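A.B. asks: Here it is: the structure, laid out below.
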Amino acid sequence: MAGARFTLFDTAIGRCGIVWGERGIATVQLPEARESQTRARLRKRFPEAREAPPSGEAKRAIAAITALLRGERRDLGALALDMAGLPEFHRRVYEAARAIPPGETLSYGELARRLDAPGAARAVGQALGRNPFAIVVPCHRVLAAGGKPGGFSTRGGADTKLRMLAIEGARVAAPEPTLFEAAEYEFDVAAALAHVRAAEPALARVIDAAGPFRMERKLTLSVFGALAEAIVYQQLTGKAAATIYGRLCALFPRASAGPTPRQVLAKSDAELRAVGLSRAKTLALRDLAERAHARKLPTLAEVGAMGDEQIIEQLTAVRGVGRWTAEMFLMFRLGRGDVLPVGDFGIRKGFQFAFKKRELPAPDVVAKRGERWRPYRTLASWYLWRAAELGAKR
Numbered sequence: 104m105a106g107a108r109f110t111l112f113d114t115a116i117g118r119c120g121i122v123w124g125e126r127g128i129a130t131v132q133l134p135e136a137r138e139s140q141t142r143a144r145l146r147k148r149f150p151e152a153r154e155a156p157p158s159g160e161a162k163r164a165i166a167a168i169t170a171l172l173r174g175e176r177r178d179l180g181a182l183a184l185d186m187a188g189l190p191e192f193h194r195r196v197y198e199a200a201r202a203i204p205p206g207e208t209l210s211y212g213e214l215a216r217r218l219d220a221p222g223a224a225r226a227v228g229q230a231l232g233r234n235p236f237a238i239v240v241p242c243h244r245v246l247a248a249g250g251k252p253g254g255f256s257t258r259g260g261a262d263t264k265l266r267m268l269a270i271e272g273a274r275v276a277a278p279e280p281t282l283f284e285a286a287e288y289e290f291d292v293a294a295a296l297a298h299v300r301a302a303e304p305a306l307a308r309v310i311d312a313a314g315p316f317r318m319e320r321k322l323t324l325s326v327f328g329a330l331a332e333a334i335v336y337q338q339l340t341g342k343a344a345a346t347i348y349g350r351l352c353a354l355f356p357r358a359s360a361g362p363t364p365r366q367v368l369a370k371s372d373a374e375l376r377a378v379g380l381s382r383a384k385t386l387a388l389r390d391l392a393e394r395a396h397a398r399k400l401p402t403l404a405e406v407g408a409m410g411d412e413q414i415i416e417q418l419t420a421v422r423g424v425g426r427w428t429a430e431m432f433l434m435f436r437l438g439r440g441d442v443l444p445v446g447d448f449g450i451r452k453g454f455q456f457a458f459k460k461r462e463l464p465a466p467d468v469v470a471k472r473g474e475r476w477r478p479y480r481t482l483a484s485w486y487l488w489r490a491a492e493l494g495a496k497r
């Protein structure tokens with residue numbers, strides 16, 4: 104390709120590469136195990152390309168891709184792609200895939216039906232397997248039957264695909280069901296709704312007003328990874344936290360599923376502070392990594408055999424991890440059914456609205472009333488948060 108240029112750039116999943124020319128982007132390369140391998144792959148495909156600072160469409164693409172992989176919602180559909188030489192069917196598949204927004208997924212069969220080719224699911228999969236425009240053509244948003252991630256032709260395979268989907272907030276089944284991914288929650292939602300309705304008329308009214316229970320569990324690959332992310336996100340807006348967490352992950356380009364304890368320990372405090380972490384969060388993250396490296400932090404399999412209070416005791420031993428963070432881990436990472444974070448302001452505000460209290464209730468008042476909701480206090484908590492939202496609108 105005449106006039107082709109390339110460069111490498113950092114993202115939350117590692118150091119990616121991009122090739123561009125006069126007609127637009129020619130390829131986006133996901134990270135290999137080493138930067139030299141990423142560069143070598145680009146040179147093999149485009150031997151005439153010269154390394155250069157990004158400009159024009161490439162500069163816009165890099166900014167959009169890095170923002171998307173930090174968790175920001177970005178539309179990459181307007182970026183110009185150079186599809187010269189690609190089969191016509193592949194072009195159609197890529198254009199259809201580009202219409203899938205962040206946070207959403209389609210199956211190969213559904214994408215084939217959008218192309219008016221309902222029997223071409225396998226051909227769609229083959230075209231996406233040869234996708235030269237990773238992320239810009241979001242083949243990671245196309246799944247196998249049953250919501251399984253299916254294959255992914257890059258380093259890390261399905262793990263990298265799951266990591267990208269998790270960043271975008273999409274839900275996807277694990278490649279193989281595990282202790283924490285075999286079911287959406289660890290309790291029967293229908294039974295929980297019936298119990299809470301019968302036990303608490305005030306919450307029954309909130310349930311009617313708020314609608315179906317839609318609490319989502321977040322993909323959890325390790326206790327260390329979940330707590331590291333939680334530490335970064337503490338006391339920050341979602342956007343600011345996502346930016347800092349993306350920068351943290353970019354320090355470890357070989358870690359497709361986020362940094363490991365060993366990698367964190369290899370960085371100096373100055374390097375960790377440089378991504379935007381406060382001194383307190385840097386110390387907390389280092390303590391977490393030290394505990395995990397020394398096997399003093401329980402694994403996912405180990406917490407599965409623990410009761411809620413035992414898990415809270417284990418997690419709150421980590422510097423910077425309080426009871427609230429541990430309770431959020433129980434609810435949103437493990438899907439435990441009987442968690443009531445009485446110290447949470449939103450819970451107390453929702454209680455005030457639902458029970459028509461003039462003053463914000465003390466935590467012990469919420470805890471005492473919550474005894475009625477056992478063993479489904481997680482569902483009750485979720486509806487108390489919805490009650491706070493309903494109250495704010497009045």
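Residues in the sequence shown are numbered consecutively from 104, following my numbering.
Note that CB positions come from ideal geometry on N, CA and C, so glycine has one too.
In this text, all values refer to a predicted model and were calculated from it rather than measured experimentally.
#1: Could you give the first and the last residue of the continuous alpha helix (DSSP H) run that contains Trp-427?
#2: What are the boundary residues of the beta strand (DSSP E) that Asp-372 is part of?
#3: Run the CB neighbour count on Phe-432, radius 10 Å, all protein chains shown included, and call it buried at 16 or more, exposed below.
#4: Who are the near neighbours of Arg-195 in its chain, counting only those whose CB is closer than 8 angstroms to its CB and skipping five residues on each side?
#5: From Asn-234 to Leu-354, what does the alpha carbon distance come to, in whole angstroms?
#6: Quick check on DSSP: helix, strand or coil for Ala-181?
#7: According to DSSP, Ile-415 sits in a beta bridge with which residue or residues?
#8: Determine the direct distance from the alpha carbon of Arg-497 to that of Lys-264, and round the result to whole angstroms.
#9: Let me confirm a value: Gly-314 is counted as buried when at least 16 other C-beta atoms fall within 10 Å, else exposed. Which label applies?
#10: With DSSP as the reference, label Ser-381 as helix, strand or coil.
#11: Would you check if the distance between the CB atom of Phe-109 and the CB atom of Ala-155 is smaller than 9 angstroms?
#12: Where do the N-terminal and C-terminal ends of the alpha helix (DSSP H) with Val-131 fall, by residue?
#13: Is Lys-471 buried or exposed, if buried means 16 or more other CB atoms sit within 10 Å of its CB?
#14: Should Leu-218 be listed as close to the ligand GTP, given that the test is whether its C-beta is under 8 angstroms from any heavy atom?
#15: Taking the alpha-carbon positions, what's the Pro-205 to Ala-297 distance?
#16: When burial is assigned at 16 or more other CB atoms within 10 Å of the CB, is Ala-404 buried or exposed?
#17: Using CA coordinates, which residue listed in Gly-473, Gly-188, Val-421 and Arg-422 is at the minimum distance from Pro-444?
#18: Give the range of the beta strand (DSSP E) segment to which Cys-119 is assigned.
#19: Could you tell me if Glu-191 is buried or exposed, where buried requires 16 or more neighbouring beta carbons within 10 angstroms of its beta carbon?
C.D. replies: In short:
#1: Membership of Trp-427 in the alpha helix (DSSP H) is indicated by the continuous run 426-431.
#2: Element bounds for Asp-372: not the beta strand (DSSP E) but the alpha helix (DSSP H), 372-377.
#3: By the 10 Å Cβ count, Phe-432 comes out buried.
#4: Leu-218
#5: 27 angstroms
#6: DSSP places Ala-181 in coil when its eight states are reduced to three.
#7: None; Ile-415 has no bridge partner.
#8: Whole-angstrom Cα-Cα distance: 42 angstroms.
#9: exposed
#10: coil
#11: yes
#12: Per DSSP, Val-131 belongs to no alpha helix (DSSP H); it is in the beta strand (DSSP E), 127-132.
#13: exposed
#14: Of the ligands one can find in the structure shown there are none, so the ligand GTP has no counterpart to examine.
#15: 35 angstroms
#16: exposed
#17: Gly-473
#18: Annotation for Cys-119: the continuous beta strand (DSSP E) segment containing it runs 117-124.
#19: exposed
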